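Chemist: Structure incoming, see below.
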């Protein structure tokens, strides 16, 4: 398959892109970066982050496009989500309010600090992130879905920004 934008060969079209750490992790000195593990991050024992997925429907397709992102939670909700990490039935937990803590630079407006709700999933599954219903392009895409052409455009933008 060829990229429709630059004609480079695409072996496979990725449907998930992830970020290694919250945006703010890189803005503080290394000695204050208290903890970063696969799905959780604490900075300076004051800022609490978890990783989750923003799922975007792909129009006329069963697949979903996924942004694997970081969000910040209150300390109380962060601790609660950790306590429930291996508890059956945790998907029945009420959603947690938070703020998106990942900059997705392919969007014309910043994605930092967009209001979100974290929906805990079954044990072993990554939480789902629901954006506040605004006119931000990312929120619109989550709400209305994207075409496969948009997925290709995202792949092109990401491959050429690195």
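Numbering (the numbering used here), first residue to last: 854 to 1015. The C-beta atom is built at its ideal place from N, Cα and C for all residues, glycine as well. Quantities reported herein were computed from a predicted structural model and do not represent experimental measurements.
Please tell me whether residue 991 and residue 960 are closer than 9 Å, where the distance is taken between their beta carbons.
Modeler: Yes, these two residues count as a Cβ contact at 9 Å.
Chemist: Return the CA-CA distance between residue 911 and residue 1005, expressed in angstroms with no decimal places.
Modeler: Cα to Cα, residue 911 sits roughly 12 Å from residue 1005.
Chemist: Please work out which residues of its chain come closer than 7 Å, Cβ to Cβ, to residue 1007, disregarding the five sequence neighbours upstream and downstream, and give them in chain order.
Modeler: Around residue 1007: 959.
Chemist: On the three-pair Cβ rule with 8 Å, is the stretch 937-955 touching the stretch 965-977?
Modeler: The stretch 937-955, when compared against the stretch 965-977, does touch it at the 8 Å Cβ threshold.
Chemist: To the nearest angstrom, how far is the alpha carbon of residue 999 from that of residue 980?
Modeler: One C-alpha to the other measures close to 21 Å.
Chemist: Within 10 Å of its beta-carbon, does residue 957 have 16 or more other beta-carbons around it, so buried, or fewer, so exposed?
Modeler: With 16 or more other Cβ atoms within 10 Å, it is buried.
Chemist: Quick test of your reading: residue 920 and residue 874, contact by CB under 8 Å. State the CB separation rounded to the nearest angstrom.
Modeler: Actually they are not in contact, since the Cβ atoms of residue 920 and residue 874 sit about 15 Å apart, beyond 8 Å.
Chemist: Quick check on DSSP: helix, strand or coil for residue 925?
Modeler: DSSP places residue 925 in strand when its eight states are reduced to three.
Chemist: Put residue 819 into one of helix, strand or coil per three-state DSSP.
Modeler: The structure shown has nothing for residue 819, since the chain only spans 854 to 1015.
Chemist: Rounded C-beta distance between residue 905 and residue 971? I'm assuming under 8 Å.
Modeler: Right, the Cβ-Cβ distance comes to about 6 Å (below 8 Å), so this counts as a contact.
Chemist: May I have a chain-ordered list of the alpha helix (DSSP H) segments no shorter than 4 residues that lie completely inside the stretch 931-1015?
Modeler: Here the runs fully enclosed are 990-997, 1001-1012.
Chemist: Check residue 883 in the structure and name its three-state DSSP category.
Modeler: Three-state result, residue 883: helix.
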